[in-house]
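Here is the structure we will look at, set down as structure tokens.
There are 2 protein chains.
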Amino acid sequence: MALQMGQKTAVQRLALIGCGLIGGSFALALKAAGAVAEVTGSSGSPASAHKALELGAIDRVASSAAQAVQGADAVLLAVPVAATQAVLEEIAPHLAPQVLVMDAGSTKRDVLAAMQAALPQHLGYCVPAHPIAGKEKSGVAHAESALFKGRRVILTPLTQSSDDAIARAQQLWELTGARVSRMSPLQHDETFAAVSHLPHLLAFAYMAGLMDQPGGEALLAHAGSGFRDFTRIAASDPVMWRDILLANRGPVLAQAQAFGDALEHLAQTLRSGDGAALQAQIEAVSRRRSAWPAA
Amino acid sequence: MALQMGQKTAVQRLALIGCGLIGGSFALALKAAGAVAEVTGSSGSPASAHKALELGAIDRVASSAAQAVQGADAVLLAVPVAATQAVLEEIAPHLAPQVLVMDAGSTKRDVLAAMQAALPQHLGYCVPAHPIAGKEKSGVAHAESALFKGRRVILTPLTQSSDDAIARAQQLWELTGARVSRMSPLQHDETFAAVSHLPHLLAFAYMAGLMDQPGGEALLAHAGSGFRDFTRIAASDPVMWRDILLANRGPVLAQAQAFGDALEHLAQTLRSGDGAALQAQIEAVSRRRSAWPAA
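Chains as they are written, first to last, in our numbering: chain A, 472 to 766; chain B, 472 to 766.
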């Protein structure tokens with residue numbers, strides 16, 4: 472099916488593989504935009520698929536990912552990243568030519584590798600995507616059509632991705648209300664190692680260091696609003712973050728090293744008691760953070 | 472003047488040394504509670520003192536700290552911590568016997584030492600305090616009577632502090648709406664090194680590591696809500712944090728060491744690729760942080 476740009480119904484049949492917060496919100500957003508005629512959903516958890524049906528995010532429950540993609544003209548994988556390659560292998564024999572295949576994972580070189588391994592004949596229609604959106608709570612019950620409104624979505628096209636497929640992916644994400652930009656998979660993973668994955672690692676390590684010391688529990692009772700915000704991301708989903716950190720381990724460890732050097736420099740200044748140097752170092756970061764644009 | 476417990480006017484004349492966010496809010500809160508008859512304020516910045524007068528936080532502007540304490544039955548020092556000892560030395564000759572002297576600084580062993588050095592004859596009436604409250608914005612223009620409502624205030628009495636002085640200090644802070652508890656100065660400083668000062672140091676170091684790498688500015692454009700919350704405290708006031716970190720440098724550096732060990736442990740697990748161990752480590756901290764009570 473050719474894309475009919477300018478028409479609102481950008482997709483006739485969307486296959487949603489994985490009916491959680493992200494997948495459910497994507498389907499609800501396209502429906503709210505009148506951009507999709509029908510959504511077929513499958514999920515590793517039948518309860519999630521039926522909840523998605525009940526909430527109107529999908530119109531039909533498929534018994535498997537393979538069944539979901541039959542007759543679809545676009546596919547969104549919104550599954551835990553560790554499941555990506557297995558799902559791609561499952562759907563590979565059932566994909567019609569020119570069906571757009573997207574994912575929504577937080578790391579992209581692993582998705583690229585999975586697509587190359589599982590869909591070698593279909594790479595022209597693969598367009599990995601990373602929506603920078605989420606919530607404290609996961610699950611389709613928290614899905615909402617406005618989740619992506621005003622948020623950024625990064626597309627990381629393969630060198631084989633066709634211009635047509637990239638344009639279709641961009642159109643769909645824009646129809647959810649997102650602002651779409653592009654990066655290479657490597658640039659994406661290095662960028663998010665620095666601005667997202669490392670802060671998670673540091674928040675996990677900080678909580679661990681606090682909890683594991685004598686009297687750690689008593690310390691937690693005295694924590695205030697600085698602690699609350701600094702450690703909010705330490706409450707993130709362990710399986711999701713295990714997978715993100717493992718998938719992006721090289722860039723994350725490189726960023727951890729850069730951080731360690733900066734911390735040692737600051738600690739050395741503090742140890743030396745050089746107040747002017749300490750103030751100058753804090754001033755530089757405080758000024759930059761104050762100027763950082765809010766979302 | 473003896474404290475008349477049960478009467479609402481707990482203080483006849485309060486001397487407020489330092490007319491900023493904390494001092495202004497303290498005076499406004501006591502006035503709102505009908506707990507103070509008159510407030511005399513002094514400030515290193517005449518503009519701040521006059522703004523405090525205009526806002527009704529104080530009733531009279533004194534030309535100096537020494538003048539402010541004359542005729543006062545309670546004194547609150549709410550000045551930058553680096554100024555504490557000089558102010559105490561200035562007011563020492565002008566303090567009537569039994570005048571309650573409190574501060575509001577974020578570190579307490581340095582205040583203890585300053586009181587011992589500057590007010591050796593008056594230690595029975597010294598009760599250092601640390602209100603766990605603040606705002607993004609400083610200055611008396613942002614002061615409000617409700618700033619301490621429901622927030623915690625830690626009193627760190629000296630071994631010489633009299634029961635009467637401690638009770639008076641506790642009553643005043645409770646009249647602002649705060650929940651008051653007690654610690655030793657050392658226990659206070661070790662506790663806040665762990666739950667407040669170290670997170671600031673880490674947020675400063677993280678921002679520095681990000682900014683100082685090639686392409687750092689471009690990275691910042693891709694940061695999202697996790698980054699926003701994790702680095703909020705990196706925008707803190709440089710002079711205030713220079714002084715807190717220097718005043719509490721031993722405990723802060725000890726906490727930085729404990730954090731470094733925890734980070735290295737987590738990085739080692741990630742480097743080894745042991746997914747089960749990584750998940751277990753993240754689960755432990757995620758569960759604990761999720762259970763952490765909101766303010």
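Even glycine gets a Cβ: it sits at the ideal position worked out from N, Cα and C.
Measuring alpha carbon to alpha carbon, tell me which residue in the options is nearest residue i.
i                      : options                       : result
residue 711 of chain B : B/693, B/752, B/694 and B/668 : B/668
residue 551 of chain B : B/527, B/579 and B/705        : B/579
residue 523 of chain B : B/753, B/741 and B/497        : B/497
residue 719 of chain A : A/637, A/643 and A/661        : A/661
residue 715 of chain B : B/544, B/581 and B/505        : B/581
residue 608 of chain A : A/652, A/706, A/658 and A/760 : A/706
residue 529 of chain A : A/520, A/604 and A/560        : A/520
residue 709 of chain A : B/690, B/686, B/754 and B/525 : B/754
residue 597 of chain A : A/618, A/610 and A/575        : A/575
residue 713 of chain A : B/751, B/514, B/583 and B/625 : B/751
residue 536 of chain B : B/561, B/728 and B/674        : B/561
residue 679 of chain A : B/723, B/758, B/689 and B/624 : B/758
residue 721 of chain B : A/743, A/717 and A/725        : A/743
residue 665 of chain B : A/677, A/673, A/515 and A/554 : A/677
residue 555 of chain B : B/489, B/516 and B/681        : B/489
residue 599 of chain B : B/518, B/671, B/566 and B/625 : B/625
residue 623 of chain A : A/639, A/728, A/606 and A/652 : A/652
Is the Cβ of residue i closer than 8 Å to any Cβ of chain A?
i                      : result
residue 577 of chain B : no
residue 619 of chain B : no
residue 718 of chain B : no
residue 435 of chain B : Residue numbering for chain B in the displayed model covers 472 to 766; residue 435 of chain B lies beyond these limits and cannot be assessed.
residue 753 of chain B : yes
residue 680 of chain B : yes
residue 766 of chain B : Note that residue 766 of chain B has pLDDT 39, beneath the 50 cutoff, so the model's placement of it is unreliable and no number is given.
residue 724 of chain B : yes
Using a Cβ cut-off of 8 Å (strictly closer), state whether residue i contacts chain B.
i                      : result
residue 756 of chain A : yes
residue 491 of chain A : no
residue 603 of chain A : yes
residue 616 of chain A : no
residue 582 of chain A : no
residue 531 of chain A : no
residue 704 of chain A : yes
residue 600 of chain A : no
residue 709 of chain A : yes
residue 569 of chain A : no
residue 484 of chain A : no
residue 744 of chain A : yes
residue 587 of chain A : no
residue 741 of chain A : yes
residue 750 of chain A : yes
Comparing the C-beta of residue i with each C-beta of chain C, is any distance below 8 Å?
i                      : result
residue 677 of chain A : The question asks about chain C, but that chain is absent: this structure's protein chains are A and B.
>> If the cut-off is 8 Å on Cβ atoms, which residues from the region 643 to 675 of chain A count as contacting chain B, listed in chain order?
In response: Among the residues of the region 643 to 675 of chain A, those with a Cβ less than 8 Å away from any Cβ of chain B are 662, 663, 665, 666, 667, 669, 670, 671, 672, 673, 674 and 675, in the order of the chain.
> Considering only residues of the region 494 to 520 of chain B, which uninterrupted beta strand (DSSP E) runs meet the minimum length of 3 residues and lie entirely inside it, listed in chain order?
Replying inline: For secondary structure counted as the beta strand (DSSP E) over 3 or more consecutive residues, the region 494 to 520 of chain B holds these complete runs in sequence order: 507 to 513.
> Of all the alpha helix (DSSP H) runs that stay within the bounds of the region 567 to 634 of chain A, which reach a length of 4 or more residues?
Replying inline: If you keep only unbroken alpha helix (DSSP H) runs of at least 4 residues inside the region 567 to 634 of chain A, you get 580 to 589.
> Which ranges would you report for the alpha helix (DSSP H) in the region 631 to 678 of chain A if only whole runs of at least 4 residues count?
Replying inline: Counting whole runs of 4 or more residues, the region 631 to 678 of chain A contains the alpha helix (DSSP H) stretches 634 to 646 and 656 to 663.
> If we count Cβ pairs, one from each stretch, closer than 8 Å, do we get three or more for the region 487 to 497 of chain A versus the region 613 to 627 of chain A?
Replying inline: Cβ pair count under 8 Å is three or more, so yes.
>> Please list, in chain order, the residues of the region 684 to 700 of chain A that have any C-beta partner in chain B closer than 7 Å.
In response: Correct list: 684, 690, 691, 693, 694, 695, 696, 697, 698, 699 and 700.
>> Output needed in chain order: residues of the region 619 to 640 of chain B with a Cβ under 7 Å from some Cβ in chain A.
In response: If the cut-off is 7 Å between Cβ atoms, the region 619 to 640 of chain B has nothing near chain A.
>> Using a Cβ-Cβ cutoff of 9 Å, what residues of the region 537 to 558 of chain A are near chain B? List them in chain order.
In response: Residues passing the 9 Å Cβ filter: 553.
> Does the region 698 to 705 of chain B touch the region 730 to 748 of chain A, meaning 3 or more C-beta pairs lie closer than 8 Å?
Replying inline: Verdict: no, contact absent.
>> So if I threshold CB-CB distances at 8 Å, which residues from the region 726 to 738 of chain B count as touching chain A?
In response: Hits within the stretch, in order: 726, 727, 729, 730, 731, 732, 733, 734, 736, 737 and 738.
> Any chance the region 530 to 546 of chain A sits against the region 560 to 578 of chain A, with 3 or more Cβ pairs inside 8 Å?
Replying inline: By the Cβ test, the region 530 to 546 of chain A is in contact with the region 560 to 578 of chain A, since at least three Cβ pairs between them sit closer than 8 Å.
> For the region 641 to 659 of chain B against the region 499 to 510 of chain B, are there 3 or more C-beta pairs whose distance is under 8 Å?
Replying inline: Yes, the region 641 to 659 of chain B touches the region 499 to 510 of chain B.
> Using 8 Å as the Cβ pair cut-off and three pairs as the minimum, do the region 478 to 488 of chain A and the region 508 to 519 of chain A touch?
Replying inline: Touching, yes, given that three or more Cβ pairs across the two stretches are closer than 8 Å.
> Does the count of Cβ pairs from the region 649 to 657 of chain A and the region 617 to 637 of chain A closer than 8 Å reach three?
Replying inline: In the pairwise beta carbon analysis, the region 649 to 657 of chain A is classified as touching the region 617 to 637 of chain A: at least three pairs are separated by under 8 Å.
>> Could you tell me which whole alpha helix (DSSP H) segments of length 4 or greater appear in the region 703 to 752 of chain B?
In response: The qualifying runs are 709 to 718 and 720 to 743.
>> Which complete alpha helix (DSSP H) runs does the region 533 to 560 of chain B hold, if anything under 4 residues is left out?
In response: At a cut-off of 4 residues, the continuous stretches assigned as alpha helix (DSSP H) that sit fully inside the region 533 to 560 of chain B are 536 to 539.
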